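One structure is given here, and the rest of the page talks about it.
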């Protein structure tokens with residue numbers, strides 16, 4: 001029996017490392033109690049392999065290594081069916097795979113560095129140079145005319161590909177190629193500059209490099225730690241010296257030798273014991289990463305809740321039910337699902353504020369989800385679900401409405417600027433808009449929940465907001481009947497300008513003039529707009545959304561046909 005090691009929750013980075021450590025070694029091997037976890041030191045034997053295997057298994061389908069080996073299924077299918085269904089589209093897919101996947105990755109620097117570790121007698125760079133695309137057609141030639149010749153070429157290239165795939169999918173191929181992948185796509189998000197991520201490392205095998213830097217001290221430390229006089233700044237356990245600083249942690253660590261002004265009286269006392277250093281190295285395993293962004297929920301009321309929430313987040317993001325691929329909204333959707341599931345399980349969760357840590361653009365962003373924010377998210381779940389597949393594009397960047405809304409709610413910001421932008425884009429017929437006015441209405445409802453949740457705009461109901469939209473639809477229809485629909489755009493721009501500048505008078509002047517022209521009354525609900533800027537903008541944007549959007553008869557259809 002090995003020595004029992006007990007670790008306690010502390011700061012968010014260490015807590016993420018604890019979650020990562022449990023993920024790597026398996027939850028069944030831990031005793032979880034209150035704010036601590038306990039495990040046997042025997043589990044740390046061969047830890048470097050367990051470390052990499054966790055990342056490879058967890059992020060397998062996102063790795064370039066998997067993109068190479070997964071084509072084996074297509075090869076097997078075509079060979080088993082004697083290429084009966086192989087068509088021009090399959091040829092294009094094959095050539096794209098050869099050019100943009102196999103050849104591209106085989107000559108990348110990280111793959112080249114792994115080749116000597118797999119088999120020093122084989123050089124895949126030669127295979128890459130020999131591999132060519134097949135089935136090129138000249139002008140006026142068709143696929144069907146040359147099909148028999150093309151199939152022979154495809155069979156020949158399949159032989160080359162099977163050799164490459166077998167090499168990559170071998171035990172050592174998986175170990176080192178997939179291992180290189182997770183270093184640069186996942187592990188590097190959490191820490192950098194030491195061990196296998198040190199630019200001038202002298203140990204080519206990253207498994208041995210990790211073992212040397214993070215594990216080699218542990219045996220001596222465990223046996224002799226009672227002799228040491230210094231204390232770890234994190235867990236307060238004895239430690240030999242101040243050699244192990246937190247310089248390797250991204251965004252928060254610093255070089256204590258070069259930046260002495262960061263510590264009290266220019267004397268560094270921030271250092272950790274070898275066990276804490278190992279835990280911090282597990283930080284990337286505690287975060288959930290998708291689309292170059294990461295998320296961690298620091299629900300630190302107790303260790304069980306911390307583990308439950310983050311393991312559920314990771315499971316929902318990386319193994320979503322009914323979804324075959326990740327998308328940039330996945331962490332946010334999974335976060336909301338995880339919070340709601342934990343709220344249903346535990347009354348403690350309802351009473352606690354939750355810290356959400358997001359890793360975006362190589363920077364950590366923090367949000368403290370209060371009870372009010374959690375209630376707003378819960379009340380708005382139906383509306384948020386409608387936004388999951390909506391987006392718009394600016395220049396070459398696509399933005400998810402769901403993600404933008406969630407980020408604003410996390411930061412306790414209202415949605416008026418986002419609502420204004422989406423209405424202007426819709427009115428201007430900007431290309432690449434994958435949302436309808438129906439989805440803008442959902443944002444208005446969410447924003448109403450938010451404002452009422454923080455004690456603002458308590459005198460307006462969502463029904464009144466919906467009525468303002470309905471009046472906008474009727475308003476548009478009346479202009480249609482008078483053959484003046486072209487005036488709608490001009491009126492809408494004037495109203496949006498009034499809303500953006502909080503000009504109540506201008507908005508009401510435009511609205512009164514238009515209603516006078518149409519010989520109709522201004523609904524009494526617009527009197528609410530004089531009660532405050534939030535009321536004014538909410539009713540005004542809802543009215544404009546009805547004006548420029550689809551009529552109520554087509555709303556349900558637009559809900560299902562996003563972006564059409």
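In full-length UniProt numbering, the protein residues as written are 1 to 564.
C-beta: ideal position from N, C-alpha, C; glycine also.
The structure displayed is predicted, hence computed values, not measured ones.
Assigned exposure category for residue i - 16 Cβ within 10 Å defines buried
{"i": "residue 84", "result": "exposed"}
{"i": "residue 209", "result": "buried"}
{"i": "residue 358", "result": "buried"}
{"i": "residue 436", "result": "buried"}
{"i": "residue 149", "result": "exposed"}
{"i": "residue 77", "result": "exposed"}
{"i": "residue 281", "result": "buried"}
{"i": "residue 535", "result": "buried"}
{"i": "residue 520", "result": "exposed"}
{"i": "residue 26", "result": "exposed"}
{"i": "residue 12", "result": "buried"}
{"i": "residue 251", "result": "exposed"}
{"i": "residue 164", "result": "buried"}
{"i": "residue 487", "result": "exposed"}
{"i": "residue 2", "result": "exposed"}
{"i": "residue 483", "result": "exposed"}
{"i": "residue 292", "result": "exposed"}
{"i": "residue 313", "result": "buried"}
{"i": "residue 176", "result": "buried"}
{"i": "residue 174", "result": "buried"}
{"i": "residue 334", "result": "buried"}
{"i": "residue 93", "result": "exposed"}
C-beta contact flag for residue i and residue j at 9 angstroms
{"i": "residue 538", "j": "residue 457", "result": "yes"}
{"i": "residue 469", "j": "residue 542", "result": "yes"}
{"i": "residue 422", "j": "residue 440", "result": "yes"}
{"i": "residue 130", "j": "residue 155", "result": "no"}
{"i": "residue 187", "j": "residue 284", "result": "yes"}
{"i": "residue 419", "j": "residue 489", "result": "no"}
{"i": "residue 204", "j": "residue 116", "result": "yes"}
{"i": "residue 247", "j": "residue 276", "result": "no"}
{"i": "residue 249", "j": "residue 294", "result": "no"}
{"i": "residue 18", "j": "residue 453", "result": "no"}
{"i": "residue 336", "j": "residue 403", "result": "no"}
{"i": "residue 565", "j": "residue 514", "result": "Since the first residue shown for the chain is 1 and the last is 564, residue 565 is missing from the structure and cannot be characterised."}
{"i": "residue 532", "j": "residue 507", "result": "no"}
{"i": "residue 444", "j": "residue 415", "result": "yes"}
Residue i CB to nearest heavy atom of the ligand FAD below 8 angstroms
{"i": "residue 518", "result": "Here there are no bound small molecules, and the ligand FAD is not part of this structure."}
Beta carbon proximity, residue i to chain B, threshold 9 angstroms
{"i": "residue 171", "result": "Absent from the structure: chain B. Only one protein chain is present."}
Nonlocal neighbours in the same chain, by C-beta distance under 6 angstroms from residue i, ignoring five residues either side
{"i": "residue 371", "result": "none"}
{"i": "residue 319", "result": "none"}
{"i": "residue 221", "result": "274"}
{"i": "residue 240", "result": "228"}
{"i": "residue 427", "result": "492 and 548"}
{"i": "residue 225", "result": "238"}
{"i": "residue 172", "result": "118"}
{"i": "residue 518", "result": "478"}
{"i": "residue 317", "result": "288, 290, 330, 331 and 334"}
{"i": "residue 86", "result": "78"}
{"i": "residue 52", "result": "179"}
Close-in-space but distant-in-sequence residues of the same chain around residue i (CB under 7 angstroms, 5 per side omitted)
{"i": "residue 88", "result": "143"}
{"i": "residue 471", "result": "523, 543 and 546"}
{"i": "residue 15", "result": "9, 298, 300 and 306"}
{"i": "residue 54", "result": "23, 24 and 285"}
{"i": "residue 504", "result": "529, 530 and 536"}
{"i": "residue 213", "result": "194 and 195"}
{"i": "residue 442", "result": "383, 386 and 387"}
Same chain, Cβ closer than 8 angstroms to residue i, five either side skipped, listed in chain order
{"i": "residue 229", "result": "238"}
{"i": "residue 192", "result": "248 and 250"}
### Task
At 4 residues or longer, and completely inside the segment 161–242: list those alpha helix (DSSP H) runs for me, N to C.
179–185, 206–210 and 216–224
#### Entry: Any 3 or more C-beta pairs closer than 8 angstroms across the segment 98–115 and the segment 217–226
no
### Message
Ignoring anything shorter than 3 residues, give me the beta strand (DSSP E) runs that lie fully in the segment 329–408, in order along the chain.
### Response
354–360, 363–369, 391–394 and 397–400
### Minimum length 4: unbroken alpha helix (DSSP H) runs contained in the segment 67–93
72–80
### Task
Could you tell me whether the segment 185–197 touches the segment 104–116, using the rule of 3 or more Cβ pairs below 8 angstroms?
no
### Query
So, do the segment 131–140 and the segment 58–71 have three or more beta carbon pairs nearer to each other than 8 angstroms?
no
### Query
Touching or not, the segment 5–14 and the segment 28–43, by the rule of three or more beta carbon pairs under 8 angstroms?
yes
### Query
Given 8 angstroms as the limit, is there contact between the segment 175–187 and the segment 49–66, that is, 3 or more CB pairs closer than that?
yes
### Query
Which residue spans inside the segment 456–531 form an unbroken beta strand (DSSP E) run of at least 3?
none
### Task
List in chain order: all unbroken alpha helix (DSSP H) runs of 4+ residues lying wholly within the segment 34–60.
47–58
### Query
Does the segment 402–410 come close enough to the segment 368–385 that 3 or more CB-CB pairs lie under 8 angstroms?
yes
### Task
Go through the segment 93–129 residue by residue and report every complete run of the alpha helix (DSSP H) that reaches 4 residues or more, in order.
103–106 and 109–118
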